[in-house]
Amino acid sequence: MTELSNDTIGFIGVAALLVLVLIGVRVYIAASIVGLVGLVAMIGWDAGAGMIGTIPHSKSVTYTLSVLPMFILIGYLAFHAGITQSLFDASRKWLGWMPGGLAVASVMATAGFAAVSGASTATAAVFSRVAIPEMLAAGYSKRLAAGVVAAGGTLATLIPPSAILVIYAIIVEESVGQLLLAGFIPGIVSALIYVGIILIWAKVDPTVGPAIKGYTWNDRIKSVPGTFPVIAVVVIIFSAMYLGWATPTEAGALGAFVVFLMALAKGMRWPALRESLLDTAKLTVMIFSLIWGVLIFVRFLGFAGLPEHFTNFIVSLPFEPWVVMVCILLAYAVLGMFMDAIGMLLLTLPVVYPAVMALGYDSIWFGIIVVKMAEVCLVTPPIGLNCFVVSAVRPDIPISSVFRGVGPFVVADFITVAVFMIWPELITWLPQTLLN
Numbered sequence: 016m017t018e019l020s021n022d023t024i025g026f027i028g029v030a031a032l033l034v035l036v037l038i039g040v041r042v043y044i045a046a047s048i049v050g051l052v053g054l055v056a057m058i059g060w061d062a063g064a065g066m067i068g069t070i071p072h073s074k075s076v077t078y079t080l081s082v083l084p085m086f087i088l089i090g091y092l093a094f095h096a097g098i099t100q101s102l103f104d105a106s107r108k109w110l111g112w113m114p115g116g117l118a119v120a121s122v123m124a125t126a127g128f129a130a131v132s133g134a135s136t137a138t139a140a141v142f143s144r145v146a147i148p149e150m151l152a153a154g155y156s157k158r159l160a161a162g163v164v165a166a167g168g169t170l171a172t173l174i175p176p177s178a179i180l181v182i183y184a185i186i187v188e189e190s191v192g193q194l195l196l197a198g199f200i201p202g203i204v205s206a207l208i209y210v211g212i213i214l215i216w217a218k219v220d221p222t223v224g225p226a227i228k229g230y231t232w233n234d235r236i237k238s239v240p241g242t243f244p245v246i247a248v249v250v251i252i253f254s255a256m257y258l259g260w261a262t263p264t265e266a267g268a269l270g271a272f273v274v275f276l277m278a279l280a281k282g283m284r285w286p287a288l289r290e291s292l293l294d295t296a297k298l299t300v301m302i303f304s305l306i307w308g309v310l311i312f313v314r315f316l317g318f319a320g321l322p323e324h325f326t327n328f329i330v331s332l333p334f335e336p337w338v339v340m341v342c343i344l345l346a347y348a349v350l351g352m353f354m355d356a357i358g359m360l361l362l363t364l365p366v367v368y369p370a371v372m373a374l375g376y377d378s379i380w381f382g383i384i385v386v387k388m389a390e391v392c393l394v395t396p397p398i399g400l401n402c403f404v405v406s407a408v409r410p411d412i413p414i415s416s417v418f419r420g421v422g423p424f425v426v427a428d429f430i431t432v433a434v435f436m437i438w439p440e441l442i443t444w445l446p447q448t449l450l451n
């Protein structure tokens, strides 16, 4: 019987993983099983199992990973501190006069909440309760109300603190601080492009989102103090990383402590704190499990030599680097229809990242671009996790209406990616000033 080469075993392993994921096996389980079987097939049971046995511990004790539970905890505490309602009230009073003003307010409020929460689905769930009832009561269409909340939730993947940016940094061994800083400007640009889409939509069809008037300047000024908690957390995290007086983990811990004090001042008691801690622990364990499983699979890919083969193939293509990059991003758009964002990045980056670096692109720039593409998969069918979250919180809005509502915002995401490809300085300027 002919012995299979490592290349062949590698390709079989990739195919097996895709099949397992498509039939519904959890990504971390599928990746772990394929990685274990593949390594055993190439180097034997003792060496393969021994190597895999060290991964959970060796990767869990990495200091960089400790930033994840801190950022996640900030988001859950912020919810119980009532920051979301205050943000939306202020945005509504300042921006409601625009065409589609409540939808615009929702985008800016979700962007503000994203600055204290790294969880996209949590942002979508919270504003489904806060913003959608207000929009429907004001006569907004269900499509716009649901679509803007689902799409606005994706801003949490870019605006720090972002769990996905931290995961990207861990996978490619890039600076967490520089990546988080790089997400600020792209996050703001993304929010502004969403606002532009809403203004155009409401201008073309005024019935989908009428302007809201009647607020005085006194009302607006009184709403400003409610935004101070978000401003405080943003200043702490941004200044800590930009000025270098704290690591991202320390900045996250400080932010969590500030939000914790605010939550206590707002009346949070033990049941709510307990729920916040439990939700943080559950989400952290889920992410760590994904990282462990995929790192086992990555070790298998390394022994099979597939990343090197893929890099050589990409570099040898007779096209300009930007054409190849567009094709890679389109592949992410398709893959994101069938996988969650974190799993997609964990599985693809070990192979795609070396090829992208060989094309001459910047690591920080590619991190923001690929995370932006991960945003798209949060609102595109059939997975579209944010859309299902919105529909679950609001059963009166069918999932089909939510997907139709996010359509214009998906277009906005592709426009945003094009802007970042044409002007990469929007991404690289801020982290480069940190180095200089």
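In short: position in the sequence shown from 1, add 15, done, that's my numbering. The C-beta atom is built at its ideal place from N, Cα and C for all residues, glycine as well.
Which one of the options has the shortest CA to CA distance from residue i?
{"i": "Ala-373", "options": "Glu-323, Ile-302 and Ile-98", "result": "Glu-323"}
{"i": "Ser-254", "options": "Ala-407, Gly-192, Ile-215 and Ala-287", "result": "Gly-192"}
{"i": "Ile-329", "options": "Lys-237, Gly-68 and Ile-343", "result": "Ile-343"}
{"i": "Ile-412", "options": "Tyr-155, Pro-423 and Gly-127", "result": "Tyr-155"}
{"i": "Phe-128", "options": "Ile-147, Val-210, Ile-185 and Val-248", "result": "Val-248"}
{"i": "Thr-295", "options": "Leu-92, Lys-387 and Val-42", "result": "Leu-92"}
{"i": "Ala-287", "options": "Met-66, Phe-94, Ile-24 and Trp-60", "result": "Phe-94"}
{"i": "Ile-179", "options": "Glu-290, Pro-263, Tyr-43 and Ala-389", "result": "Ala-389"}
{"i": "Val-339", "options": "Leu-269, Leu-321 and Val-371", "result": "Val-371"}
{"i": "Ile-174", "options": "Tyr-183, Gly-202, Ala-166 and Glu-189", "result": "Gly-202"}
{"i": "Gly-28", "options": "Gly-317, Glu-440 and Ile-430", "result": "Gly-317"}
{"i": "Val-52", "options": "Leu-207, Pro-148 and Leu-32", "result": "Leu-32"}
{"i": "Glu-13", "options": "Asp-104, Pro-263 and Ile-70", "result": "Coverage of the chain is limited to positions 16 through 451, which leaves residue 13 absent and any answer about it impossible."}
{"i": "Thr-448", "options": "Phe-243, Tyr-257 and Asp-61", "result": "Tyr-257"}
{"i": "Ala-427", "options": "Val-394, Gly-375, Gly-198 and Pro-439", "result": "Val-394"}
Are the CB atoms of residue i and residue j nearer to each other than 7 Å?
{"i": "Leu-445", "j": "Ile-246", "result": "no"}
{"i": "Ala-124", "j": "Gly-168", "result": "no"}
{"i": "Val-187", "j": "Leu-83", "result": "no"}
{"i": "Val-421", "j": "Gly-229", "result": "no"}
{"i": "Ala-126", "j": "Gly-308", "result": "no"}
{"i": "Pro-114", "j": "Lys-218", "result": "yes"}
{"i": "Ala-120", "j": "Ser-106", "result": "yes"}
{"i": "Thr-172", "j": "Val-367", "result": "no"}
{"i": "Ser-143", "j": "Arg-409", "result": "yes"}
{"i": "Thr-326", "j": "Pro-369", "result": "yes"}
{"i": "Gly-270", "j": "Ser-101", "result": "no"}
{"i": "Val-122", "j": "Val-223", "result": "no"}
{"i": "Ser-238", "j": "Lys-108", "result": "yes"}
{"i": "Gly-351", "j": "Val-391", "result": "yes"}
{"i": "Asn-21", "j": "Ala-165", "result": "no"}
{"i": "Leu-194", "j": "Gly-382", "result": "yes"}
Going by other Cβ atoms of all chains shown within 10 Å of its Cβ, with 16 needed for buried, is residue i buried or exposed?
{"i": "Thr-77", "result": "exposed"}
{"i": "Trp-221", "result": "For clarity, residue 221 is Pro in the given sequence; the question names Trp instead. Exposed."}
{"i": "Met-16", "result": "Bear in mind that the predicted position of Met-16 carries a pLDDT of just 42, short of 50, making it unreliable; the figure below should be weighed with that in mind. Flag for Met-16 reads exposed."}
{"i": "Phe-158", "result": "One point to set straight first is that residue 158 is Arg, not Phe, in the sequence displayed. Per the 10 Å Cβ criterion, buried."}
{"i": "Gly-50", "result": "buried"}
{"i": "Ser-73", "result": "exposed"}
{"i": "Gly-236", "result": "Sequence check: residue 236 is Ile here, not Gly. Exposed."}
{"i": "Leu-54", "result": "buried"}
{"i": "Ser-331", "result": "exposed"}
{"i": "Phe-435", "result": "buried"}
{"i": "Leu-117", "result": "buried"}
{"i": "Ala-346", "result": "exposed"}
{"i": "Leu-310", "result": "buried"}
{"i": "Val-274", "result": "buried"}
{"i": "Trp-216", "result": "buried"}
{"i": "Ile-227", "result": "buried"}
With residue i as the anchor, note down where its alpha helix (DSSP H) starts and where it stops.
{"i": "Thr-136", "result": "135-152"}
{"i": "Trp-337", "result": "336-350"}
{"i": "Leu-332", "result": "Element bounds for Leu-332: n/a, residue is neither H nor E."}
{"i": "Ala-356", "result": "356-373"}
{"i": "Met-113", "result": "Looking at the DSSP string, Met-113 is not in any alpha helix (DSSP H), and its letter there is neither H nor E."}
{"i": "Leu-196", "result": "191-197"}
{"i": "Ala-427", "result": "414-437"}
{"i": "Val-404", "result": "400-408"}
{"i": "Met-277", "result": "263-280"}
{"i": "Ala-158", "result": "A small fix is needed here, since residue 158 is Arg in this sequence, not Ala. Its alpha helix (DSSP H) spans residues 157-168."}
{"i": "Tyr-230", "result": "Where Tyr-230 is concerned, there is no enclosing alpha helix (DSSP H), given that its DSSP letter is neither H nor E."}
{"i": "Trp-380", "result": "378-392"}
{"i": "Glu-188", "result": "No alpha helix (DSSP H) contains Glu-188, which DSSP labels as neither H nor E."}
{"i": "Tyr-257", "result": "243-258"}
{"i": "Ile-38", "result": "From DSSP, Ile-38 is part of no alpha helix (DSSP H); its letter is neither H nor E."}
{"i": "Ala-319", "result": "285-319"}
{"i": "Pro-84", "result": "82-95"}
{"i": "Ala-46", "result": "42-58"}
Measure from the C-beta of residue i to each C-beta in chain B and report whether the shortest distance is under 7 Å.
{"i": "Asn-21", "result": "The chain labelled as chain B is not found in the depicted structure, where only one protein chain is given."}
Is any heavy atom of the ligand ZN found at a distance shorter than 6 Å from the C-beta of residue i?
{"i": "Ala-165", "result": "The ligand content of the structure shown is nil, which means the ligand ZN is not present either."}
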